[in-house]
Every structure is written in C-alpha cells, then in structure tokens.
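Single-structure report; data block below.
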Amino acid sequence: MSSELPSDPDADATPCQYTEYREGGDVEDLPATGEDADGLEAAVWDVLYEIEDPEMPISIVDLGLIYGVDATDATDGDGSDVTIAMTLTYTGCPAREMLLSQVTDEVGAVDGVADASVQLVWSPEWTLEMVTEQGEEDLKEFGLSI
Amino acid sequence: MSSTAAAPVEDLDDDQREAVQHLLYRLGDDEFVAAERYTEWQVRAPTLESDLALSNIAQDELGHARLWYDLLQDFGYDEPDLLFERDPETFRHSTMTELPFEEGDWSDAIVRTYLYDVAEDLRLEALEDSSYGPIRDRVGKIQSEEDYHLEHAESWLDRLASDDDGQRRLQEAVDRLFPYALTLFEPTDPDVEARIVDNEYRTEPLDELGEEWLSNVVPKLESYGLDVPISEDGTITSADLPPEIGRDGNHMDDWESLYDDFTQTYRDLGRTEATTLMEDPS
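Note that the protein sequences, when read in sequence, are chains A and B. First residue of the first sequence? That's 4 in this note's numbering, and the numbers climb one at a time after it. First residue of the second sequence? That's 5 in this note's numbering, and the numbers climb one at a time after it.
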C-alpha cells in the first residue's frame, strides 16, 4: 500500500478524509514520481513515464499529473487492482477521455495487474510547480520555458 | 469508471442524497446550458479576440459542468442519463442560460456573462466550505479558471458604455436579461433548498446570495448610467421574475429547440452511450 494516494479508496468514505489533503500541505509531496516505489507499483510508474501529454513531448509523470499509485490484492482472482490518482491541467481538457483510457489500458496491461482504474482528483490543484526538473527540461527543448 | 472512487455518497440518507443531487444539477446544468449558448458566437463575435475569448469561456464552463456531472455519476447516473437521454423537463438551469441571444447583439452576450459570472463567483465562495467533500474539493480548481471571465465582461462593458449606441444596446440587454438573471437565485424546490443549507452543502442561503449579487451588479450597472429594472427599495418579488424560472423544471419553448440541437447528433447516429474521442489504443 502506497502512502502517496491522497485518500484511501478502501477506507470508509467520510467528508473528513478530504480535509486532510486539502489542508494538510500535501502539495509539498507533489509531484509524485514513484521514486520510492517497488515491485508492481514501480512497474506501473515505468509505464506511466512512457505516456506523453497529447500536446507536448513530456511524460504525464514529469508534467505532474500523477498524484499517486496504489496497488492492492485483487478482490477476485490473481494479481492486483491498481488505482492511479491523477489530475488534469484544465477542467475543459478535450483529451480527457483519450488520456484516461490510455492510462487504464496501459497500466492494465502490466504483468500482475488484474484491474486498473483512475481516480480523477482536483485538489490540490495542478500548478506549474508540479512539473519535475526533467519535465522542465523537456518543455524547454520543446520551446517552452517555465 | 467512477471519477471519485472514495465519494461519500453512501453516507447520505435519502433526503440528503436528494439535496446534494439538486445542488449538483443546478450547478452543472447552469454551466452546461450557458456554454451551449455561448458557443453560438463562435465565428460570429465582433473581433477575432472576442471570438476566441467567449469560445474559451464556453470551454471553461463545459469543463466545470463536467466536474459537477462527474459527482452526479457517483449516484449511479451515466452521461446519457445526465445529458443526452435526459428528459428536458428535468433540467434545473436558470432560464437566463437558455434564453436565446438577441440576434447579433454582442451587448446581450456581455451583459449576460457579466450577470452570470458575478453570480457564479458568489456561489463558488458559498461552496468553499461545503460539508460535502467532493464539492468542496472542486471549488478551487474552478475558481482558478474563472478569474478572467469577469475581467472580460467588465472590459467590454467599459467599451460598450463609451458611446450612445453602445449605451442604448446595453440598456436593452439589461432590461431584457435582468428578470431572467434573478432566477439564478430561485430554489429548485423550497424544501430541498432548505436541506441544502441545513446540511451545509452550500453554506449560504439563496436569498443572501441574491442580495450580495444585487449589491454588486446594481451599482456597477448604474455607474454606466444604466437603469436596473427593480423597485426602488431593491425588494425582489415574484412579480419581478419571468413566468419560467427553470430551476423547477419549468422552461421556455426555446429550451426545447436548444435541447434538440445538442442531442441531435447523438440521436441521428443512433447512440446508446456517450462516445469517447477516439477508439481505445490497441
């Protein structure tokens, strides 16, 4: 179980769980890069690194869209269920469905993953500060300085 | 796919579920229908910049509608239920959002976005401390994308008010739109509305939001030399409202044609589900 998810989807849902990551300064833990992940979660992070933003040559991880990866034993059958907490830079993002399907499909194809789902989160809000150093370099090469 | 795997829907009793849903419908439907109308200006606005600006505002509002509809999906609805196969009489938007533009009248678009965006800012503030976490969590993101909407409307108000013709057009737009704008603060149902406030899903009652809105927009419009069609003491009664307020499902005939327009492709293609932009990658 990773500690990077802002909320635990298995826990009893109460409004309080939202308070924690809204006010708890979790922004400091972002961007999440999976550097401490191991086993299956590390394999999932590797796949996520390969997925690029549809408009710019930058990994969605380096863009700071991924807030966490959480693998739990599958409720039925073998393998693990993986939940990816992620956000989008813009609520009106026209590539939303494309990007979310790509994430669930590619993570779902990782060996050992029984089911992959995305939990779309909007708090904390994505900001430029969530772009990693690698992401800044990729954007610079693309012609964007941030 | 649920967008919020940990939504606390299960913690609500039936009355609370109804209250949260009414709140989400009025938020989502306002945004969606307002955006549908705004897009009619695409390639028709007076300048390229204003065309891009209003189109972009429409895209923002569609994004915000999606954030609210996502939360309704947590109650078991899917996109066709919420939009493309929904009974048009169950939509809860304010009738100002469905009202057709006066043909070719840019001042209508400007006054409308101004009246709407002031109201939207106030209602988002009243959701910042919502007791329903998933609503509260979306407010900041939406606010961050709303900043320039008012700036756009106000800069155009300045320009239009600077000559007699613009002034006359603004006055006509205010006269026409103001009664409809008041429906933004009408309840979907008085009992359910009381529950929305009692449970602090929204922390301010509609009448207080309406008063704040009036104290904001009336002096502003008057500062341009415009008359605002309300009584001297500022009291709003049902006589100030149009026959159809929208919130209660009672809509104008224009809504039917707008609904037919945005569902036409879905019906023509014989869809039974909302499609994605492209086939899933193999």
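Cβ atoms here follow ideal geometry from the backbone N, Cα and C, with glycine treated the same way.
Three-way DSSP call (helix, strand, coil) for residue i in this model
{"i": "B:E132", "result": "coil"}
{"i": "A:M101", "result": "helix"}
{"i": "A:V134", "result": "coil"}
{"i": "B:D109", "result": "coil"}
{"i": "B:E277", "result": "coil"}
{"i": "B:A38", "result": "helix"}
{"i": "A:D73", "result": "strand"}
{"i": "B:E236", "result": "coil"}
{"i": "A:I54", "result": "coil"}
{"i": "B:S98", "result": "coil"}
{"i": "B:Q3", "result": "Given a span of 5 to 286 for chain B in the structure shown, any question on residue 3 of chain B remains unanswerable."}
{"i": "B:D4", "result": "Limits of chain B in this structure are 5 at one end and 286 at the other, which puts residue 4 of chain B out of reach."}
{"i": "A:S83", "result": "strand"}
Member of the options whose CA lies at the smallest distance from the CA of residue i
{"i": "B:E197", "options": "B:A185, B:D237, B:L210", "result": "B:L210"}
{"i": "B:H61", "options": "A:Y93, A:Y52, A:E53, A:A112", "result": "Before going on, a small fix: residue 61 of chain B reads as Ile here, not His. It is A:Y93 whose Cα lies nearest to the Cα of B:I61."}
{"i": "B:T101", "options": "B:F182, B:L131, B:A278, B:D18", "result": "B:F182"}
{"i": "B:G238", "options": "B:E22, B:G214, B:Q175", "result": "B:G214"}
{"i": "B:F79", "options": "B:I114, B:L28, B:E35, B:F266", "result": "B:L28"}
{"i": "B:L128", "options": "B:Y184, B:Y205, B:D74", "result": "B:Y205"}
{"i": "B:E3", "options": "B:D162, B:L76, B:V178", "result": "Residue 3 of chain B cannot be examined here, being either before or after the span of chain B that is shown, 5 to 286."}
{"i": "B:G170", "options": "B:V115, B:L188, B:Y120", "result": "B:V115"}
{"i": "B:P104", "options": "B:Y42, B:E190, B:E212, B:Q147", "result": "B:Y42"}
{"i": "B:E44", "options": "B:D112, B:D19, B:Q20", "result": "B:D112"}
{"i": "A:V121", "options": "A:G42, A:S62, A:A88, A:D56", "result": "A:A88"}
{"i": "A:P57", "options": "A:T75, A:D81, A:A45, A:Q105", "result": "A:Q105"}
Distance between residue j and residue i (C-alpha atoms, nearest Å)
{"i": "B:L245", "j": "B:H255", "result": "13 angstroms"}
{"i": "B:P138", "j": "B:G229", "result": "42 angstroms"}
{"i": "B:A165", "j": "B:E248", "result": "30 angstroms"}
{"i": "A:L147", "j": "B:F95", "result": "43 angstroms"}
{"i": "A:V64", "j": "A:V50", "result": "10 angstroms"}
{"i": "A:R99", "j": "A:L91", "result": "8 angstroms"}
{"i": "A:Y24", "j": "A:P127", "result": "Its pLDDT being 35, under 50, A:Y24 is placed unreliably in this model, and the value from its coordinates should be taken loosely. Approximately 7 angstroms between the Cα atoms of the pair."}
{"i": "A:F145", "j": "A:I69", "result": "21 angstroms"}
{"i": "B:P223", "j": "B:S135", "result": "33 angstroms"}
{"i": "B:H156", "j": "B:A23", "result": "33 angstroms"}
{"i": "A:A40", "j": "A:D84", "result": "16 angstroms"}
{"i": "B:A123", "j": "B:T192", "result": "16 angstroms"}
{"i": "B:G274", "j": "B:L86", "result": "17 angstroms"}
{"i": "B:E158", "j": "B:Y118", "result": "7 angstroms"}
{"i": "A:T36", "j": "A:V47", "result": "11 angstroms"}
{"i": "B:I240", "j": "B:Y184", "result": "12 angstroms"}
{"i": "B:R4", "j": "B:E89", "result": "Residue 4 of chain B falls outside the range modelled here, since chain B spans only 5 to 286, and no answer is possible."}
{"i": "B:Q268", "j": "B:S59", "result": "21 angstroms"}
{"i": "A:L3", "j": "B:R48", "result": "Beyond the ends of chain A as shown, which are 4 and 149, falls residue 3 of chain A; an answer cannot be given."}
{"i": "A:L43", "j": "A:G115", "result": "7 angstroms"}
Buried versus exposed call for residue i [16 or more other C-beta atoms within 10 Å across all chains shown]
{"i": "B:Q46", "result": "exposed"}
{"i": "B:G67", "result": "buried"}
{"i": "A:E3", "result": "Because chain A spans 4 through 149 in this model, residue 3 of chain A falls outside it and cannot be assessed."}
{"i": "B:E226", "result": "exposed"}
{"i": "B:R251", "result": "buried"}
{"i": "A:L102", "result": "buried"}
{"i": "B:Q175", "result": "buried"}
{"i": "B:T99", "result": "buried"}
{"i": "A:G71", "result": "buried"}
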